[in-house]
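Residue numbering for the sequence shown follows my numbering, starting at 1 and increasing by one per position.
Here a beta-carbon is modelled for each residue, glycine too, at the ideal position from N, C-alpha and C.
To start, the structure itself, in structure tokens.
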Amino acid sequence: MFDQQTVEMLLVGVWDTLYMTVVATFFSYVFGMVMGVVLVICRKDGIRPNALVYNVLDVVVNLTRSFPFLILMIAVIPFTRFLVGTTIGNNATVVPLVLAAAPFVARLVESSLLEVDNGVVEAAQSMGAGTWQIIVKVLLPEARPSLLNGSAVSAITILGYSAMSGAVGGGGLGKLAIMYGYNRYQTDIMVITVVLLIIIVQAFQSFGNWATRRSDKRGS
Numbered sequence: 001m002f003d004q005q006t007v008e009m010l011l012v013g014v015w016d017t018l019y020m021t022v023v024a025t026f027f028s029y030v031f032g033m034v035m036g037v038v039l040v041i042c043r044k045d046g047i048r049p050n051a052l053v054y055n056v057l058d059v060v061v062n063l064t065r066s067f068p069f070l071i072l073m074i075a076v077i078p079f080t081r082f083l084v085g086t087t088i089g090n091n092a093t094v095v096p097l098v099l100a101a102a103p104f105v106a107r108l109v110e111s112s113l114l115e116v117d118n119g120v121v122e123a124a125q126s127m128g129a130g131t132w133q134i135i136v137k138v139l140l141p142e143a144r145p146s147l148l149n150g151s152a153v154s155a156i157t158i159l160g161y162s163a164m165s166g167a168v169g170g171g172g173l174g175k176l177a178i179m180y181g182y183n184r185y186q187t188d189i190m191v192i193t194v195v196l197l198i199i200i201v202q203a204f205q206s207f208g209n210w211a212t213r214r215s216d217k218r219g220s
């Protein structure tokens, strides 16, 4: 159906897409986890209420999430060039992917942590546990299944962003779909890129479901 060159091109596209998605998901969780935890502990009924910190971070998260990804990717071009020295390619795409996804992850983390029973937190406080101990030994372990499920959702969202980045210099399957499937009217390339994206999405979701079930069993 495809010659060797096309197959190799598609394999490179899959690798580039996985690279951007995995790296961006990792860094999005590094920053998003911190923001989500701060939102939970600083809210009015949190363990360390701080209205100023909560309101400022809440506004920042909401504003960042309001930007459509393509507009955000263009808006942060100077910042991307400053960090990685270029505005095209996989590494350059990771920067706006993280900026776009980290606030989304923060909301997922916040939602997961808020599901933790307040009684567990109060019990830890009554035993003299500090803020850091409550976060590390109570909130995060108790919310682990929800956090793992959210990681799959985040990865799939970032995968969608990475595909869109092909329109403005990003790599991966999105670039192939636009360059060959759209600009050159090669419908077969367009179809196979869509199929490959669907397969990757299903793989991420299946892994997320498996990790969540495993975490539930360990917790019980």
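Contact check, residue i vs residue j, beta carbons under 8 Å
i	j	result
Ala101	Ile189	no
Met33	Leu57	no
Ala163	Gly172	yes
Thr193	Leu176	yes
Ala24	Leu108	no
Cys42	Tyr29	no
Pro103	Thr131	no
Leu113	Ala155	no
Glu110	Leu52	no
Leu70	Leu99	no
Leu10	Leu196	yes
Nearest-angstrom Cα separation, counted from residue j out to residue i
i	j	result
Asn91	Trp15	13 Å
Lys44	Gln125	17 Å
Ala211	Pro145	8 Å
Ala129	Leu140	14 Å
Gly46	Val7	53 Å
Gly208	Asp216	12 Å
Asp117	Gly13	44 Å
Tyr19	Met127	44 Å
Thr80	Gly119	44 Å
Tyr224	Phe26	Any question about residue 224 goes unanswered here, given that the chain covers just 1 to 220.
Ile74	Gly160	17 Å
Tyr182	Gln5	19 Å
Ile199	Ser66	29 Å
Pro49	Ala123	18 Å
Residues near residue i in its chain [Cβ-Cβ closer than 6 Å; skip 5 each side]
i	result
Ala106	Gly32, Met35, Gly36 and Val61
Ile88	Gly169
Val201	Ile156
Leu148	Ala211, Thr212 and Ser215
Phe204	Ala152, Ala155 and Ile156
Other residues of its chain near residue i: CB distance less than 7 Å, five sequence neighbours each side excluded
i	result
Val84	Asn91, Ala92 and Val95
Gly166	Gly172, Gly174, Lys175, Ala177 and Ile178
Leu76	The sequence given here places Val at residue 76; Leu does not occur at that position. If we look at Val76 and ignore the five residues flanking it on each side, its Cβ neighbours are Val95, Pro96 and Leu99.
Thr21	Ala155, Ile158, Leu159 and Ser162
Delimiting residues of the alpha helix (DSSP H) encompassing residue i
i	result
Gly85	Neither: Gly85 is in no alpha helix (DSSP H) and is coded neither H nor E.
Ala155	Arg144 to Met164
Gly119	Asn118 to Ser126
Trp96	Checking the sequence shown, residue 96 turns out to be Pro, not Trp. Asn90 to Leu114 is the span of the alpha helix (DSSP H), which, as asked, contains Pro96.
Asp45	That residue, Asp45, is in no alpha helix (DSSP H); it is neither H nor E in DSSP.
Lys137	That residue, Lys137, is in no alpha helix (DSSP H); it is neither H nor E in DSSP.
Phe221	Residue 221 falls outside the range modelled here, since the chain spans only 1 to 220, and no answer is possible.
Arg65	Ala51 to Ser66
Gly169	Unbroken run through Gly169: none, as it is neither H nor E.
Same chain, Cβ closer than 8 Å to residue i, five either side skipped, listed in chain order
i	result
Val121	Ile47, Ile134, Val138 and Leu139
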